[in-house]
Amino acid sequence: MIATFPRLFEEGAVDAGQRRRPGPDVVRRRGDLTAALAGLSPGYVATMGALHDGHLSLIRRSVLENPRTVVSVFVNPSQFGDPSDLAAYPRDLERDAARAGEAGADLVFAPAVDEIYPPGFATAVEIAGPSERWEGAARPGHFRGVATVVALLLNIVRPEHAYFGEKDYQQLLVIRRLHADLAFPGAIVGCPTVRGPDGLPLSSRNARLLPEDRERARVVPRALFRMAECAAAGETDAEGMRVAGEEVLAGEPTVRTEYLAVVDGGTLEPLGTVVPGARAIVAARVGGVRIIDNVAL
Ligand code: PAF
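Have a look at this one:
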């Protein structure tokens with residue numbers, strides 16, 4: 520536990536009853552977080568809650584590599600295009616705090632919306648380059664919202680290491696760019712995607728798949744794995760590899776592919792020839808759920 524917590528609790532900054540419940544302490548105000556950290560730069564995992572084993576793998580890695588770990592739980596309104604999607608986003612702070620604590624987190628930062636975006640807030644962080652294609656084109660404004668909140672959260676938490684999953688590979692590149700360009704201290708650490716036994720990446724959106732849609736959705740990672748097999752077999756023609764992935768997707772016509780591409784892992788530009796660090800990326804709709812996934816080639 521962070522040493523300054525008993526004092527915070529006495530002052531009422533930590534939720535009443537917190538210390539009797541299992542799990543880490545939860546703070547809601549940025550000033551309380553700063554006071555609790557007492558100048559220490561922690562390991563950090565930013566989340567929107569609905570914690571699953573993918574998040575827990577990030578938290579466990581942070582716990583191994585840092586003396587203290589902070590997990591933020593904040594459903595960021597500015598990265599949602601559709602208000603009904605924002606309203607439907609699952610919220611269960613007590614469960615999330617308990618899961619974060621089981622994975623070893625010391626502290627959960629769960630600010631209210633006006634703690635992050637107080638009245639008069641008028642700033643947005645726009646990252647050109649990695650924000651522009653693919654998810655950026657499909658979800659206008661999404662990466663502006665992500666970059667703005669991540670910049671704020673990094674400024675508030677001031678981590679030594681901040682851990683993000685490769686599952687949202689484009690988001691990881693956007694955050695790396697932001698971190699480098701705005702000269703944030705510490706390091707961004709990309710972590711491998713955690714998959715379920717059916718190959719699908721763990722994600723709060725994929726958890727919404729109905730059982731029959733989940734069965735159909737398995738074709739999405741299978742297409743990527745097929746492309747990775749082609750790369751492992753020495754195939755260097757990116758279009759040939761993409762067609763091999765498309766053939767797998769065609770086996771499940773109810774899955775609507777939005778894009779499937781072989782791209783440079785640093786710039787996300789489409790490739791003609793597969794080079795070291797290349798990735799296969801995909802977005803597809805299954806039932807009402809949009810699935811994104813990627814693999815290294
Ligand atoms: O990946 C997410 O959960 C969110 O985009 C993030 C990075 C926590 C920003 O809200």
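In terms of the working numbering, the sequence shown is residues 520 to 816. Glycine included, C-beta positions come from ideal geometry on N, C-alpha and C. Remember, it's a predicted structure, so these values are computed and weren't measured experimentally.
Nearest neighbour of residue i, chosen from the options [CA to CA]
i	options	result
Ser591	Leu673, Gly807, Ala750, Ala606	Leu673
Pro649	Asp687, Leu577, Arg614, Val794	Asp687
Asp812	Ser722, Gly562, Ala607, Tyr563	Ser722
Leu691	Pro678, His680, Val708	Val708
Val594	Leu612, Pro795, Glu685	Leu612
Tyr682	Val805, Thr712, Arg804, Gly791	Thr712
Gly542	Asn585, Glu758, Ala726, Ala622	Ala622
Asp572	Arg761, Leu719, Val762	Leu719
Ala616	Ala606, Asp544, Phe640	Asp544
Phe761	Leu790, Gly785, Pro638, Gly770	The sequence shown places Arg at residue 761, not Phe. Of the listed residues, the one whose Cα sits closest to Arg761 is Leu790.
Gly753	Leu816, Val739, Glu685	Leu816
Ala657	Arg549, Gly684, Asp601	Asp601
Val644	Thr667, Ala750, Pro638	Thr667
Pro772	Ala750, Pro795, Val739	Val739
Gly684	Gly550, His574, Ala555	His574
Residue range of the unbroken alpha helix (DSSP H) whose run includes residue i
i	result
Thr667	661–676
Val644	No alpha helix (DSSP H) contains Val644, which DSSP labels as neither H nor E.
Phe744	738–751
Leu552	549–556
Leu577	572–584
Leu605	602–607
Gly568	First-last for Gly568: undefined, no H or E at that position.
Tyr636	Per DSSP, Tyr636 belongs to no alpha helix (DSSP H) and is neither H nor E.
Ala769	757–769
Arg696	688–700
Ala619	612–621
Glu651	Neither: Glu651 is in no alpha helix (DSSP H) and is coded neither H nor E.
Cutoff 6 Å; reference residue i; Cβ partners in own chain excluding five residues on either side
i	result
Asp604	none
Ala565	Ser591, Leu672
Gln598	His661, Gly664, Val665
Val814	Leu743, Ala747, Ala799
Glu654	Gln689
Arg540	Bear in mind that a pLDDT of 47 at Arg540, under 50, signals an unreliable position, so the number given afterwards is only what the model happens to contain. Here the set comprises nothing.
Arg652	Leu787
Beta-carbon gap between residue i and residue j smaller than 7 Å
i	j	result
Arg733	Val767	no
Gly764	Leu787	no
Val632	Ala619	no
Tyr608	Val589	no
Ile810	Ala803	yes
Arg547	Pro630	yes
Thr755	Val781	no
Val693	Ile646	yes
Val774	Arg727	no
Ser560	Pro678	yes
Ala797	Gly784	yes
His680	Asn585	yes
Gly806	Leu729	yes
Limits of the beta strand (DSSP E) - the one that residue i falls within
i	result
Ala815	808–815
Asp544	544–546
Glu679	Here Glu679 belongs to no beta strand (DSSP E), and DSSP marks it neither H nor E.
Leu626	626–628
Arg779	The displayed chain sequence assigns Leu, not Arg, to residue 779. Taken as a continuous stretch (DSSP letters only), the beta strand (DSSP E) holding Leu779 covers 775–782.
Gly709	706–710
Val794	Taken as a continuous stretch (DSSP letters only), Val794 belongs to no beta strand (DSSP E), as it is neither H nor E.
Same chain, Cβ closer than 7 Å to residue i, neighbours up to 5 away in sequence not counted
i	result
Arg580	Tyr682, Cys710
Arg737	Asp717, Gly718, Leu719
Cys749	Met760, Ala763
Proximal residues to residue i (C-beta, below 8 Å), its chain only, five neighbours per side dropped
i	result
Thr776	Glu765, Leu768, Val801, Ala802, Ala803
Val582	Gly562, Thr588, Ala622, Gly623, Ala624
Arg724	Val808, Arg809, Ile810
Arg614	Leu570
Inset, instruction - Flag this pair as touching only if the stretch 673–682 and the stretch 698–714 have three or more C-beta atom pairs under 8 Å; answer yes or no. - result: yes
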